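Residue numbers (my numbering): 15 to 161. Cβ atoms here follow ideal geometry from the backbone N, Cα and C, with glycine treated the same way. For clarity, every value in this text was computed on a predicted model and none was experimentally measured.
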Amino acid sequence: ARGKNFLRTILRLAAEREQLRVVGDQFGAPTWSRSIAEATVTAMLNWQPNKSGTYHMTCAGRTSWHGFAQAILRQYQTMQTARNWPPLKASPDGIEAITTEQYPTPARRPANSVLDNTRLREAFEMEMPNWQDGLSEALQEAVTLKV
């Protein structure tokens, strides 16, 4: 909800432009820092010496950057009227999916960065929330804080 991140960037661009172009062939699981913090507390409360090691900790599910951008704008539209938020110029269906090659960056990005939380689930008997679950809360904070 704070600082420079994809959620805030999409909101800013959607307020400025009618058309957005977002990479649609790179997949991951958007994970809010609060989801990580809450899961870390749960894991630490259930810690045992035999549970040492490295664990993946990302939200469940999978989406592309394009799908994430669409979800952000759809959720914004759902919350907009009730919260008296300003309208955006861009709409979820107006976001164009582009390829990685059409959006070159200095660092190469993997096509699939979804991580496997099986070890975390088995060791601590916990499930990470789906990436969409925290989106409305993160969005509420991002729009309200304007930081």
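- G38 and D107 have their C-alpha atoms spaced approximately 13 Å apart.
- DSSP places R35 in the strand class (E or B) of the three-state scheme.
- Here G67 has no same chain residue with a Cβ atom under 6 Å from its own Cβ, once five neighbours each way along the sequence are excluded.
- Assignment of N144 by DSSP, reduced to helix, strand and coil, places it in the strand class.
- DSSP, reduced to helix, strand and coil, places A74 within a strand of the structure shown.
- Per DSSP, the continuous alpha helix (DSSP H) segment holding A96 begins and ends at 79-97.
- When Q146, E139, L153 are compared, the shortest CA-CA separation from Q62 is found for E139.
- With respect to the 8 Å criterion, A15 and E155 are classified as neighbours on the basis of their beta carbons.
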